[in-house]
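> Going letter by letter, the sequence shown gives residues 0 to 286 in numbering that gives the first Met the number 0. The beta carbon of each residue, even a glycine, is placed where N, CA and C say it ideally should be.
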Amino acid sequence: MAIDRIFVAGAGLMGHGIAQAAAAIGKRVVLYEPDASRARSGRKRIAGNLERAVSKGRLSDADRAATMERIEATDDDARVREADLVIEAVFEDLGVKTRLWRELDGLAPAATIFATNTSSISIDRLAAAVSSTRRARFVGMHFFSPVPVMPLVELIRGAATSDETEAVVRALAAEMAKQVIVSADRPGFIVNRILMPFLAEAMRAYEEGVGSAGDIDTGARIGLNHPMGPLELADFIGLDVCLGIMRVLHEDFGQPHFAPPDVLVRLVDEGYLGQKTGRGFHTYPRG
Numbered sequence: 000m001a002i003d004r005i006f007v008a009g010a011g012l013m014g015h016g017i018a019q020a021a022a023a024i025g026k027r028v029v030l031y032e033p034d035a036s037r038a039r040s041g042r043k044r045i046a047g048n049l050e051r052a053v054s055k056g057r058l059s060d061a062d063r064a065a066t067m068e069r070i071e072a073t074d075d076d077a078r079v080r081e082a083d084l085v086i087e088a089v090f091e092d093l094g095v096k097t098r099l100w101r102e103l104d105g106l107a108p109a110a111t112i113f114a115t116n117t118s119s120i121s122i123d124r125l126a127a128a129v130s131s132t133r134r135a136r137f138v139g140m141h142f143f144s145p146v147p148v149m150p151l152v153e154l155i156r157g158a159a160t161s162d163e164t165e166a167v168v169r170a171l172a173a174e175m176a177k178q179v180i181v182s183a184d185r186p187g188f189i190v191n192r193i194l195m196p197f198l199a200e201a202m203r204a205y206e207e208g209v210g211s212a213g214d215i216d217t218g219a220r221i222g223l224n225h226p227m228g229p230l231e232l233a234d235f236i237g238l239d240v241c242l243g244i245m246r247v248l249h250e251d252f253g254q255p256h257f258a259p260p261d262v263l264v265r266l267v268d269e270g271y272l273g274q275k276t277g278r279g280f281h282t283y284p285r286g
């Protein structure tokens, strides 16, 4: 099955990155948010990304213009009727995602493939929101941020996912120059099951006064040869996103090392979500 038209649901950090990566390889992309201003904001972020790439000599202005021409922002979910593939990248919450999938399932053509960018929630739990006839075409396709740069996709099959659906996802990932790893449908999949306990332990060390945020991150960068420290990585991902993933892991596994640290819960409750709000474990310039 050829994928030419992609409907990306969610224009935030992951959604706009997925839309950019798809448009860059020639796909027609509809970037959807129920709030039109948020959809336009996502498209504007893509424009900024591409303009910076041009200024640094990594992209021609003609390619920038062609990529932007392929991306349309909309608040009309009925545009899913045109899609060969839907990629969902909304907030990591089971209720939010299942409501969206139920809605889109009633609008999309029968042949349209549904891919969720969930980073932790069971594919079968999400697929339960769509009709039984759709479930063979429902799959996990987990990208990593920043999507245009990170060359990895986790592919997660549900119990009903067909071989053809997996082949379509693999082909699209290959077009995007991304390596595919396959995970069983278990909470957190491969990467976040490894990553989140590491981030949580760094947060607990900070909470207990073992070291400053700067020293904890420096220790990981130099001592562990990591490109980013765990606290700055959590700020980059979004503390609300980290909290959501940790809650899923803790609820499903019940093991204490998956539990969200109190400091993370407190920061999120206070609205300090990391880079996107200008403050998390570190502070960041706004704008």
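Would you kindly report the start and end of the unbroken alpha helix (DSSP H) that includes T115?
On the sequence shown, residue 115 is found 116 positions in, with the first residue counted as 1. T115 -> not in any alpha helix (DSSP H); beta strand (DSSP E) instead, spanning I112 to T115.
> Starting from Y31, follow its DSSP beta bridges and name the residues at the other end.
To locate residue 31, count along the sequence shown from 1; it is residue 32. A8 and T73, per the DSSP bridge assignment.
> Under 8 Å, with one C-beta from each stretch per pair, do the stretch 203-210 and the stretch 48-58 reach the 3-pair mark?
no
> Mark R101 as exposed unless 16 or more other C-beta atoms lie within 10 angstroms of its C-beta, in which case mark it buried.
The sequence position of residue 101 within the sequence shown is 102, counting from 1. Exposed.
> Do the stretch 171-181 and the stretch 30-46 make contact, defined as three or more Cβ pairs closer than 8 Å?
no
> Taking just the CA atoms, how far does T115 sit from E91?
For this step, residue 91 is matched to residue 92 along the sequence shown. For this step, residue 115 is matched to residue 116 along the sequence shown. Going from the Cα of E91 to the Cα of T115 covers about 10 Å.
> When DSSP builds the beta bridges, which residues end up paired with H141?
As a first step, residue 141 must be located in the sequence shown, where it is residue number 142. DSSP, once it has assigned bridges, lists E153 as partnering H141.
> Could you give the residue range of the alpha helix (DSSP H) that holds V247?
The residue labelled residue 247 in the question sits at position 248 within the sequence shown. That run of the alpha helix (DSSP H) goes L238 to F252.
> Cα separation between P108 and S130?
Sequence index remark: in the sequence shown, residue 108 carries index 109 (1-based). Sequence index remark: in the sequence shown, residue 130 carries index 131 (1-based). Their backbone Cα atoms lie some 12 Å apart in a straight line.
> Going by DSSP in three states, T160 sits in which element: helix, strand or coil?
Residue mapping note: residue 160 aligns to position 161 of the sequence shown, counting from 1. In the structure shown, T160 sits in coil (DSSP, three-state: anything other than H, G, I, E or B).
> In the structure shown, what three-state DSSP assignment does T217 receive?
Working through the sequence shown from its first residue, we reach residue 217 at position 218. Looking at T217 - three-state DSSP - the assignment turns out to be helix.
> Give the secondary structure of G273 by DSSP, where H, G and I count as helix, E and B as strand, and everything else as coil.
Sequence index remark: in the sequence shown, residue 273 carries index 274 (1-based). Correct three-state label for G273: strand.
> Under 8 Å: do the stretch 207-220 and the stretch 157-165 share three or more Cβ pairs, one atom per stretch?
no
> Residues bridged to R308 by DSSP?
This structure cannot speak to residue 308, because the chain is shown only from 0 to 286.
> Taking the straight line between their C-alpha atoms, what separation do you get for P229 and F197?
Within the sequence shown, numbered from 1, the residue matching residue 229 stands at position 230. Within the sequence shown, numbered from 1, the residue matching residue 197 stands at position 198. Between P229 and F197, the C-alpha separation is close to 7 Å.
> Would you say the stretch 115-129 touches the stretch 63-75, given that touching needs at least three Cβ pairs under 8 Å?
no
> Smallest Cα separation from K275: which of P255, F113 and G237?
By 1-based counting over the sequence shown, the position of residue 275 is 276. The option with the nearest alpha carbon to K275 is G237.
> When you compare only the Cα positions, how much space is there between G14 and P150?
As a first step, residue 14 is located in the sequence shown; it is residue number 15 there, counting from the start. As a first step, residue 150 is located in the sequence shown; it is residue number 151 there, counting from the start. Whole-angstrom Cα-Cα distance: 16 Å.
> Is the beta carbon of T164 less than 7 Å from the beta carbon of V138?
Counted from its first residue, the sequence shown places residue 164 at position 165. Counted from its first residue, the sequence shown places residue 138 at position 139. In contact: T164 and V138 (Cβ atoms closer than 7 Å).
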